[in-house]
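Under the numbering used here, the first residue of the sequence shown is numbered 71, with each subsequent residue one higher.
For glycine and all other residues, C-beta sits at the position ideal for the given N, C-alpha and C.
The structure presented is a predicted model; accordingly, all values stated were derived computationally and were not measured.
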Amino acid sequence: MKPLVCSNSDQQCQKVLLKLRTKAPELVQKAEFKCATKQGSLFLIVSEQAVDIRCGFFATSVWDDNGDGLVDNEDPVSVDISVGTFKR
Numbered sequence: 071m072k073p074l075v076c077s078n079s080d081q082q083c084q085k086v087l088l089k090l091r092t093k094a095p096e097l098v099q100k101a102e103f104k105c106a107t108k109q110g111s112l113f114l115i116v117s118e119q120a121v122d123i124r125c126g127f128f129a130t131s132v133w134d135d136n137g138d139g140l141v142d143n144e145d146p147v148s149v150d151i152s153v154g155t156f157k158r
């Protein structure tokens with residue numbers, strides 16, 4: 071499971087993450103688990119009202135065009151979803 075981390079140069083992210091880990095550790099742990107089940111990477115979207123913990127991952131759609139049970143086409147798509155929100 072990949073923990074939520076901030077780059078060394080992103081001071082805002084580091085401050086927000088420290089606050090999240092202090093005030094809502096269970097929210098961060100749940101977000102890390104949810105994202106790990108999708109083999110994704112966590113990131114934060116910060117606004118004045120809330121911090122949205124998001125998970126970015128690849129989802130693949132597959133098609134069996136001729137009904138033989140084998141994949142004939144696939145389409146990987148980059149997706150991000152909210153896995154937790156902390157009201158500020």
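Excluding five sequence positions before and after Gly139, none of the CB atoms of its chain fall closer than 6 angstroms to its own CB. Checking the DSSP bridge columns, you'll see Cys125 partnered with Leu112, Ile151. Checking the DSSP bridge columns, you'll see Phe156 partnered with Val121. For Cys105, same chain residues with a beta-carbon under 6 angstroms away, outside a window of 5 residues either side, are Leu112, Cys125, Val153 in chain order.
Here Asp142 is near Asp135, since their CB atoms are less than 8 angstroms apart.
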